[in-house]
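So for the sequence shown, our numbering puts the first residue at 26; every next one is plus one.
Cβ coordinates follow ideal geometry from the N, Cα and C atoms, glycine included.
The next block holds one structure in the form of structure tokens; read it before the comments.
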Amino acid sequence: MKIVKFFFIGRKNLIRRCLNNLLDNAVNFSKNIKVKHQKIKRSVLIFIEDDGPGIPSSEYENVFKPFYKVDKSRNQTKSSVGLGLSIASDIIRSHGGDIELGKSEMGGLKIKIFLPV
Ligand SMILES: Nc1ncnc2c1ncn2[C@@H]1O[C@H](COP(=O)(O)OP(=O)(O)OP(=O)(O)O)[C@@H](O)[C@H]1O
Ligand SMILES: [Mg+2]
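And the structure:
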């Protein structure tokens with residue numbers, strides 16, 4: 026096993042909040058989750074994917090807007106407000122990074138986070 030060590034300098038509480046929001050979504054919307062990370066040159070890539078219903082690509086931009094939920098019937102029983110993704114993307118962007126949505130081979134959502142180190 027190859028262990029790659031690296032340091033990322035950032036606001037610990039904000040990064041934690043961002044990852045919590047994304048993992049919280051994955052837990053709420055799916056059964057199985059896969060998380061991996063990779064360091065390429067001067068950036069860290071973090072992938073979070075799941076086997077839930079995913080998000081239609083036509084909604085990728087909208088879900089980053091505050092209070093936006095794709096399908097209101099999906100999570101009516103939960104106390105969700107639609108802020109998790111907008112906060113997560115603000116945090117990543119405030120660290121000079123980027124966040125992208127896509128389709129996972131597991132069937133659900135795949136989130137790719139890029140952070141400069
Ligand atoms: N992993 C996911 N799989 C499927 N749909 C998702 C996933 N993550 C987010 N979504 C969709 O994107 C919407 C916005 O997500 P966001 O985290 O911003 O809000 P929320 O989870 O509804 O509420 P909050 O995070 O404020 O509790 C969700 O309501 C859901 O429709
Ligand atoms: Mg959420």
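Reduced DSSP category for residue i - H, G, I as helix; E, B as strand; rest coil
{"i": "residue 109", "result": "helix"}
{"i": "residue 138", "result": "strand"}
{"i": "residue 117", "result": "helix"}
{"i": "residue 58", "result": "strand"}
Contact under 7 Å by Cβ, residue i with residue j
{"i": "residue 133", "j": "residue 49", "result": "no"}
{"i": "residue 62", "j": "residue 71", "result": "yes"}
{"i": "residue 107", "j": "residue 93", "result": "yes"}
Residue i - containing alpha helix (DSSP H), residue span
{"i": "residue 128", "result": "Taken as a continuous stretch (DSSP letters only), residue 128 belongs to no alpha helix (DSSP H), being part of the beta strand (DSSP E) at 123-128."}
{"i": "residue 54", "result": "37-54"}
Per-residue burial, residue i [other beta carbons within 10 Å of its own, 16 or more giving buried]
{"i": "residue 34", "result": "exposed"}
{"i": "residue 116", "result": "buried"}
Enumerated in chain order, which unbroken segments of the beta strand (DSSP E) with a length of 3 residues or greater are wholly contained in the stretch 64-92?
-> 68-75
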